[in-house]
Every structure is written in structure tokens, then in C-alpha cells.
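Colleague: I have a structure I would like to understand better, so I am pasting it below and will then ask my questions one at a time.
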Amino acid sequence: MFFRQLLVEETACASYLVGCKTKGTFAVVDPRVELVDDYLALADGQGARIDAVFETHLQADHVFGLPQLVERTGATAYLPEGSGVEFEHWALADGESVRLGNTEFRALATPGHAPAHHAYLVTDHARSPDPWMVLTGDALLVGDAGRPDLHAHGAHTVEQMARSLYRSITDKLLTLPDDLVLFAAHHSGSVCGRGLSPTPVSTLGYERRNNKALQFGSEEEFASALTADTPPAPPEHAAIVAANRSGRSLALTQALEFYVGKLGIEVNTDADLGFMRWLTVKCPRRSRSSDHRFTSSTRTTRDSSPRAPWASPGSSVDDAHTTYEELLAKGVEFTEEPTERFYGTGCGLRDPFGNHLRIGEPKEGAIEMPDPTQFAAENT
Ligand SMILES: [Fe+2]
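Residues in the sequence shown are numbered consecutively from 2, following my numbering.
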């Protein structure tokens, strides 16, 4: 079995590349979006495919890399049953196993940090039928238990989440053998727990004896200790959860919430495919006459003032300006970004969330333009 732990120190996150080297089939557990290229290169270096992507839970402190990995590899996305995500995935039930060659991942429902949370018991059948390690996500960390408040809402109060976590730990994780190697989703520096160890590995037996969250005598004591002095929530955690739930980028999620949710403006997000991340903010008013229509983006650009938005083919400058001015009047601050270097067009706009913005009504069948930064990176 191949196993590598990949850490991101900035948010103290751990993710894992695990799988059967003999059969060349790997999985990534709790991938970070910044490390997608690293997982792919590591797997490739071992002559293996990435066939599965597991999440222990819907993350609240970082945008995950699951959608990108699935898109680039065709891997199956596995999430705990009840995660509530809006993209295609396999909803893993408690106790369900996924086998990749000689490596087996067995889901253990361990709710409490999140209402839908799995730990994964990993077995290398080439060596033993007994599990070797447990990936505990944010349920049981090295030195602490996961915080119970980040995903608490509605029927799941913070106290109920803490009680649920106590039962997950005592009834599920602590029934496992002491010699299991324990890998969590975070180490010290993370906001997902308090007093975590900077060491990103432990054993179940060591934590059973030394983890301060496991020394309470009752569910009540555990719950009251865990709900006291919780650290501040990670910045933008609601938007991060929303992005992970939809499988969209954080920038697009925030823009949708703003344009559609707050301003009530229609937005076309069909172009949210990898590097083709353009937002089209549609015109609330259609052009009054077909004479106002421009037939090409070149013409639109040439006729636009330097501060004009990039109007798409088939939209009228009147419409585009109307929408642009309305957006400005509503307090939206745009950043101008020259795009002529790449496309021969005049100027582009970035919205406050970093999305490339196109204002106007998209012509049916119009070619979507790629992200200029990525386009430049890939073509220079
Ligand atoms: Fe978490």
C-alpha cells in the first residue's frame, strides 16, 4: 500500500494520498484545492491513477479540491451519506467499504463535528486483514476532539453536536484497537480544534491515554468542556461551506450570493468549468431595437469607452452600460483588467470577488473566453 500525508501549514490541514501500488489505483482523502497538481504528480510518479476522492465531511475552513480532482481524473467522489452536496457523488453509508486493489477504505459514521462525518478505516490486504490506520477527519484530532459548533444549526444545536461527537468517539473510534495509526485532518494552528499537537500522527492507544478530550467521565462533562471557549470561526466559513456544497469556487459562490441573492440580478454561470470561469451578468432591460445590436466583440470593444464593460457578442452597448451603471449605483466596485494582450479586446472587468465579468445578454452559442491569467500561464 502507498501512503503519503500532504500538509498545508497555512491552515494546518492534512490530506492523504493512499492506495494500492500493485494495481495502480489510489484515492485522495480530504484534498486541498491548492494541492491538486501535487496529488496528480505523486500518483503519476507511482504509475497509479486516482480513482476515488473521499471527504470526511463538508469542510468549513477551506475550499476542497474534490471537484477539480474528479474533473481531471474521472474519479468517483465519495462523501458521507447526508452531506447535502449538490454535485454527483456516491453517498457512503456507515460501514460501507470501497476497495481499490488491495487497499480497503471502510466508512465509520462519526457525526458531531459535522452532522454527516465519516472516519475511514484503512486496511492493506496485501499485508493483513486487520486495519492498519484510521483517518479520523475532524472527529478525533491529535490532542483534542473536533469543535462541535461550525456546522451546528437548526435541529443540530452546538450541545447536541457535542453529545453526538462524544458517542461517535466512545461508541465507534474507541472500540478500535490501540495499535491503529491515527491520522486526522488537522494539526496545531487549525481553528477546527483547540490545543492540537503540531505532530500530525498518533495512535489510537496513545490518544486514548493522553488526549485531554478523552479523559471526561461522562457525555455531559465532555459536552460542557467542548462547548466552552470555542475559538473564533474561520473567516468566511459559511461561504466556504456553501462553495463546497455546490462544488463551485469560493469567488463564484460569493458572487452568486451577492448578485442573485442580494441584488436579484440574473447570472449565467454555465462557464464555471475549470479555467473558463466567466460570469455573465444578464441585462435586466433588453435592447429596444435590433439596430443597437453589435455583431462582434471587436466592434463592441472598439466602440466602447475605456471604462466600458466588456459586452459580449450579441449584446448591445446600451444594455451593457445600463447594467454596468446600475451595478455601480448599487455599490459594486469593479477592477479593470486589460485583456487585449490575449484576445485583442479592450478591457475586462473583475468583480469584487475576483470573477471575470461579462455584462450583457450572451448570444446563444457564443464562445466563452478563458480566464486570462490562466490562459497566459498556459500559453507563454
Ligand atoms: Fe472540519
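The C-beta atom is built at its ideal place from N, Cα and C for all residues, glycine as well.
Predicted, not measured: the structure shown is a model, and the values here were computed from it.
Could you check if K173 is buried or exposed, using at least 16 other CB atoms within 10 Å of its CB as the buried criterion?
Modeller: buried
Colleague: Within 10 angstroms of its Cβ, does G232 collect 16 or more other Cβ (buried), or is it exposed?
Modeller: In the sequence as presented, Gly is not what sits at residue 232; that position holds Pro. Around the C-beta of P232, fewer than 16 other C-beta atoms lie within 10 Å, and the residue is accordingly described as exposed.
Colleague: Compute the distance between the beta-carbons of A186 and D139, then report whether it is under 7 Å.
Modeller: Contact flag set, yes.
Colleague: Give the secondary structure of A108 by DSSP, where H, G and I count as helix, E and B as strand, and everything else as coil.
Modeller: Taken through DSSP and simplified to helix, strand or coil, A108 comes out as strand.
Colleague: Closer than 8 Å is the cut-off here; do at least three beta carbon pairs connect the segment 117–127 with the segment 196–204?
Modeller: no
Colleague: Select from R107, L257 and A53 the residue whose C-alpha is nearest the C-alpha of H90.
Modeller: Ranked by Cα distance from H90, the options R107, L257 and A53 are led by A53.
Colleague: When the distance is taken between beta carbons, is V135 closer than 7 Å to A120?
Modeller: yes
Colleague: What's the call for H154, buried or exposed, on a 16-neighbour Cβ count within 10 Å?
Modeller: exposed
Colleague: Taking 6 Å as the cut-off, is the C-beta of C193 nearer than that to any heavy atom in ligand 1?
Modeller: yes
Colleague: When the Cα atoms are used, what is the spatial distance from L205 to A146?
Modeller: 13 Å
Colleague: Return yes when at least one heavy atom of ligand 1 lies under 6 Å from the C-beta of D139, else no.
Modeller: yes
Colleague: Which residues in the same chain have their Cβ closer than 6 Å to the Cβ of E220, if we skip the five residues on either side of it in sequence?
Modeller: R164 and Y167
Colleague: What residues match up with C21 in a beta bridge as DSSP calls it?
Modeller: T26
Colleague: Suppose contacts are defined by Cβ-Cβ distances below 7 Å. Is Q58 in contact with A115 by that definition?
Modeller: It should be noted that the sequence gives His, not Gln, for residue 58. A contact, by the Cβ cut-off of 7 Å.
Colleague: Taking all protein chains shown into account, do 16 or more other C-beta atoms lie within 10 angstroms of the C-beta of L329, making it buried, or fewer, making it exposed?
Modeller: Burial call: exposed.
Colleague: Under 7 Å Cβ to Cβ from E83, same chain only, skipping five residues before and after it: list those, please.
Modeller: Inspection of the sequence shows that residue 83 is occupied by Gly rather than by Glu. For G83, where only same-chain residues beyond five positions count, the Cβ hits under 7 Å are P116 and A117.
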